[in-house]
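Quick note: the sequence shown uses the UniProt record's numbering, first residue 1, plus one each step.
For each residue, glycine too, the CB sits at the ideal point set by N, CA and C.
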Amino acid sequence: MKQNMKRNITLTITLAVIITTISACSFMKGKESDAPQDTDLPASTTQTSTSDTAPDESNTTGENKITLSLYFANEDKSAVVKEMREVAVEDGDMVRAAIEALIEGPSEKNLKRSMPENTRLIESSIDGDTVIVNFSKEFLNANGMAEVIARASLVNTLTDMEGIRKVKILVEGEALIGPSGLPFGELERFELDAQGQPVEGETRAVTLYYGNAEGEALIAEKREAYIYKDEPIEAEVFYELTKAPITRGLNPTIPEGTRVLSVETKDGICHLNLSKEFLENSTGGSAGELMTIYSIVNTLTELPGIEKVQFLIEGEIRETYIHMELGEPIERNEDAIAE
Numbered sequence: 001m002k003q004n005m006k007r008n009i010t011l012t013i014t015l016a017v018i019i020t021t022i023s024a025c026s027f028m029k030g031k032e033s034d035a036p037q038d039t040d041l042p043a044s045t046t047q048t049s050t051s052d053t054a055p056d057e058s059n060t061t062g063e064n065k066i067t068l069s070l071y072f073a074n075e076d077k078s079a080v081v082k083e084m085r086e087v088a089v090e091d092g093d094m095v096r097a098a099i100e101a102l103i104e105g106p107s108e109k110n111l112k113r114s115m116p117e118n119t120r121l122i123e124s125s126i127d128g129d130t131v132i133v134n135f136s137k138e139f140l141n142a143n144g145m146a147e148v149i150a151r152a153s154l155v156n157t158l159t160d161m162e163g164i165r166k167v168k169i170l171v172e173g174e175a176l177i178g179p180s181g182l183p184f185g186e187l188e189r190f191e192l193d194a195q196g197q198p199v200e201g202e203t204r205a206v207t208l209y210y211g212n213a214e215g216e217a218l219i220a221e222k223r224e225a226y227i228y229k230d231e232p233i234e235a236e237v238f239y240e241l242t243k244a245p246i247t248r249g250l251n252p253t254i255p256e257g258t259r260v261l262s263v264e265t266k267d268g269i270c271h272l273n274l275s276k277e278f279l280e281n282s283t284g285g286s287a288g289e290l291m292t293i294y295s296i297v298n299t300l301t302e303l304p305g306i307e308k309v310q311f312l313i314e315g316e317i318r319e320t321y322i323h324m325e326l327g328e329p330i331e332r333n334e335d336a337i338a339e
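What follows is the structure, given as structure tokens:
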């Protein structure tokens with residue numbers, strides 16, 4: 001009997017050990033199944049971990065910062081002054097970045113914005129060593145010295161860049177027109193004096209021929225005129241002739257609204273292409289026509305290298321003005337000048 005009791009105790013202990021072992025294994029297996037597996041990581045977890053080392057926004061958008069030379073107006077807007085500034089450049093377009101910085105204005109308190117108020121950059125491009133800039137119509141709001149400062153600040157800012165020598169300015173897709181009525185064309189870097197004022201040209205003595213009080217002869221008037229270096233001198237002198245005479249008793253001879261469309265001097269002949277107003281707004285008879293034609297011819301032949309003038313109207317050579325022949329180049333007429 002004692003032997004049977006001993007056997008029962010042994011079996012009970014063995015069974016208890018087995019049950020305990022099985023329970024422990026089941027528990028551990030359950031814990032392992034609850035643990036997250038590396039292969040089952042959600043995508044959001046991976047993205048979050050990599051975002052901590054991602055490049056900053058400026059790099060992802062192709063934006064860098066570089067230091068540029070920008071030219072702004074001084075306090076009274078009579079000169080341009082250089083400001084060195086760090087500018088954000090997107091996709092390597094330094095030209096656009098520089099122009100936008102000019103439109104934005106200076107950071108230095110003693111400088112002023114050189115671009116006319118509300119001017120927008122429509123487009124910019126590079127053709128060889130020339131930058132072509134297309135502004136909105138607000139660029140035309142600058143007049144006189146303010147317009148000169150606007151051009152000088154733009155041109156000198158862009159020609160400070162390596163490989164850029166010239167700038168062509170468009171407004172709403174059309175070439176910017178100079179005082180003479182001709183497009184400025186490709187502008188080279190502005191020469192600045194010691195105060196930073198743009199030197200666009202020089203003052204020259206010119207001789208202009210106006211009609212006398214009776215409208216029967218021409219009288220010379222000598223005048224100091226500012227000749228722009230970027231425009232043909234023939235166009236500049238013609239522009240002066242369209243202005244009212246200074247001398248009392250003289251009368252203008254050019255039909256109102258007449259503009260120079262193009263001008264070129266070759267082999268002693270000045271090919272002068274005038275707008276349609278030269279024909280449409282003519283008010284004189286035969287004598288008036290003679291005064292108009294020879295006031296132009298005698299004025300232009302005062303310039304070195306010009307012996308005759310070939311007239312064109314809207315690009316075409318006309319056989320007659322109204323009565324007077326225009327088909328061939330016209331020589332200077334000393335007989336038309338009053339004694």
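Cβ-based burial, S107 [other Cβ within 10 Å; buried from 16]: exposed
Whole-angstrom distance between L272 and residue 349, CA atom to CA atom: Outside the displayed span of the chain (1 to 339) sits residue 349, for which this structure offers no information.
Residues that DSSP places opposite S262 in a beta bridge: Here S262 is bridged, per DSSP, to N273.
DSSP three-state assignment for L192, whether helix, strand or coil: strand
Other residues of its chain near K276: CB distance less than 6 Å, five sequence neighbours each side excluded: Cβ neighbours of K276 beyond the five flanking positions: E314.
Residue closest to K308, alpha-carbon to alpha-carbon, out of E104, A244, I293 and E214: Per the Cα distances, I293.
Coarse secondary structure for K166, derived from DSSP in three states: strand
Rounded straight-line distance, which links the Cα of G327 to that of E188: 37 Å
Unbroken stretches of the beta strand (DSSP E), 3 residues or longer, contained in the segment 92 to 138: 121 to 127 and 130 to 135
Residue of E191, F139 and K229 minimising C-alpha distance to R113: F139
Sub-8 Å separation of T299 and L274 beta-carbons: Not closer than 8 Å, so no.
With 16 other Cβ atoms within 10 Å as the buried cut-off, status of Q37: For Q37, the predicted model reports a pLDDT of 44, less than 50, meaning its position is unreliable; a value from the coordinates is still stated below. It counts as exposed.
Among I337, E75 and N74, nearest to A217 - alpha-carbon criterion: I337
E339 in three-state terms, based on DSSP: Note: E339 maps to coil in three-state DSSP.
Residue of A213, G92 and P245 minimising C-alpha distance to A225: Considering only alpha carbons, the answer is P245.
Cβ shell of S33 (< 7 Å), same chain only, five flanking positions each side left out: Caution applies to S33, whose pLDDT of 43 falls short of 50 and renders its modelled position unreliable; the model cannot decide the point.
Through-space distance from N64 to S51, alpha-carbon basis: Reliability of the predicted coordinates at S51 is poor, the pLDDT of 28 falling under 50, and the value obtained from them is presented with this limitation in mind. Going by the C-alpha atoms only, they are around 21 Å apart.
DSSP state of F278 mapped onto helix, strand, coil: Here DSSP, grouped into helix, strand and coil, assigns F278 to helix.
Supposed close pair G211, N251 - CB separation, criterion 8 Å: 4 Å
Helix, strand or coil at E200 according to DSSP, with G and I counted as helix: coil
Identity of the residues DSSP links to L326 by a beta bridge: In the DSSP output, where bridge partners are listed per residue, L326 has none listed.
Pick from I122, V155 and M161 that is closest to V171, judged by C-alpha positions: Looking at the Cα atoms, I122 is the closest of the given residues.
Sufficient close CB pairs (3 or more, under 8 Å) joining the segment 167 to 181 to the segment 192 to 199: no
G201 versus I227, E334, R223 and F184, residue with shortest Cα-Cα distance: I227
Residue from M145, V133, V237 and E339 whose Cα sits closest to the Cα of V155: For the residues M145, V133, V237 and E339, the minimum Cα distance to V155 belongs to V133.
Three-state secondary structure assigned by DSSP to residue 350: Past the boundaries of the shown model lies residue 350; the chain is included only from 1 to 339, so the question cannot be answered.
Under the three-state DSSP convention, the category L140 falls into: helix
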